[in-house]
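Asker:
Residue numbers (the numbering used here), protein chains in the order written: chain L, 4 to 71; chain G, 18 to 195.
1) Does residue 21 of chain G get closer than 8 Å to chain L when you measure Cβ to Cβ?
2) Taking Cβ positions, are residue 32 of chain G and residue 104 of chain G nearer each other than 8 Å?
3) Once DSSP output is grouped into helix, strand and coil, what is the label at residue 152 of chain G?
4) Just confirm the distance between the C-beta atoms of residue 127 of chain G and residue 116 of chain G, as a whole number of angstroms; I'd bet it's less than 8 Å.
5) In this structure, how does DSSP classify residue 67 of chain G when only helix, strand and coil are distinguished?
6) For my contact list, residue 43 of chain L and residue 186 of chain G are in at a C-beta cut-off of 8 Å; report their separation, rounded to the angstrom.
7) How is residue 66 of chain L classed by DSSP in three states: helix, strand or coil?
8) Hey, residue 84 of chain G and residue 137 of chain G: beta-carbon distance below 8 Å or not?
9) Check this for me: beta carbons of residue 130 of chain G and residue 167 of chain G, under 8 Å apart or not?
10) Which same chain residues, not among the five before or five after residue 73 of chain G, have their C-beta less than 6 Å away from its C-beta?
11) Apart from the five residues on each side of it in sequence, which residues of its chain come closer than 7 Å, Cβ to Cβ, to residue 156 of chain G?
12) Does the distance from the CB of residue 9 of chain L to the CB of residue 67 of chain L come in under 8 Å?
13) Between residue 202 of chain G and chain L, is any beta-carbon pair separated by less than 8 Å?
14) Please state whether DSSP places residue 53 of chain G in a helix, a strand or coil.
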């Protein structure tokens, strides 16, 4: 089982650009891109909380457990 | 609060100091050998308490100089490691594997200097008294507080080097978190 980041789905739902989200939560677009592609070891609770606040969603809306 | 700017500034200065030291030690040693080739009289002055033979051969004098230069060469190698470490720090690469590796090497350099000093004195004492009649030859073994200081500093830096490697690995892992 692996954890998949569904950030791109939430961004599309909220009609928000990656650049705007990155600026709002204070991380680089490069890091946000890595997060979207799942090429990171983990996400800090602090960052997750900021994303949830910016996108008005719950952590469960962004993360999903998927069978490999 | 970090000390990044202070580290960069001081490292730039220390990089210059270590480079200047390396150059001046090398030039000084070469000039000393070139202009003032050591004689048994000089060796007697450098080894008080040891009955230096006045009949030393040129090869024995060369051997004493070579043995005496081993700790100096190790100092130069250690200074070079310090110079490379300061260059890392100057570039802002503080908590990195490279910096930790250099600190460990500096520690090992100090340990080797301590060992070389411990071994070179007895060797030199045998070489400078070899031509003396039986009973006048000597083997001088000494352990000074300076040597102990070098050993302690070497051991300390070796341990810090290991700890820094762990810290650098943790930092690298932490950077993979967003």
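Just so you know, even glycine gets a beta-carbon here, dropped at the ideal spot from N, CA and C.
Answerer: So, from the data block:
1) no
2) yes
3) For residue 152 of chain G, the three-state secondary structure derived from DSSP is coil.
4) The Cβ separation is near 17 Å, so there is no contact.
5) coil
6) With a Cβ gap of about 17 Å, residue 43 of chain L and residue 186 of chain G do not count as contacting.
7) strand
8) Yes.
9) A contact, by the Cβ cut-off of 8 Å.
10) 57, 148
11) Around residue 156 of chain G: 139, 142, 143.
12) Judged by beta-carbon spacing, residue 67 of chain L lies within the 8 Å limit of residue 9 of chain L, meaning their Cβ atoms are closer than that value.
13) Since the displayed chain G opens at 18 and closes at 195, residue 202 of chain G lies outside it and no answer follows.
14) coil
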